[in-house]
Amino acid sequence: MSRVDAYDWNFVWKVWDALRDTAYHGTNTEFALGDTPEHRSMGVWSDGTPIKPLKVQHEAPIRP
Numbered sequence: 001m002s003r004v005d006a007y008d009w010n011f012v013w014k015v016w017d018a019l020r021d022t023a024y025h026g027t028n029t030e031f032a033l034g035d036t037p038e039h040r041s042m043g044v045w046s047d048g049t050p051i052k053p054l055k056v057q058h059e060a061p062i063r064p
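To convert, note that position 44 of the sequence shown is 44 in the UniProt record's numbering; the numbers rise steadily by one, no gaps.
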């Protein structure tokens, strides 16, 4: 099993928690959905290096 890192904190858990909050309480939508700075932000690695923010695409097909 790998160690918890910035990806876990700043994407997986952040978005999951925000989606849950949005669904149950109508809060934290800026972290859960859309092309907002809060949603796109991935924070920094443990050495302080910024992580490239998420890219939100608005049209299909979505390709890398």
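Each residue gets a CB set at the ideal place from its N, CA and C atoms; glycine is no exception. Since the model is a prediction, treat every value here as computed from it, not as a measurement.
Between D35 and V12, the gap from beta carbon to beta carbon reaches 7 Å or more. The beta carbon of P50 is closer than 7 Å to those of V44 in its chain, skipping five residues each way along the sequence. The residues P53, L54 and V56, in chain order, have a CB closer than 7 Å to that of R40 in the same chain once the five nearest residues on each side in sequence are set aside.
The shortest CA-to-CA distance from R3 to any of A32, A23 and S46 is the one to S46.
By the neighbour-count criterion, in which 16 or more other beta carbons inside 10 Å mark a residue as buried, A60 falls on the exposed side.
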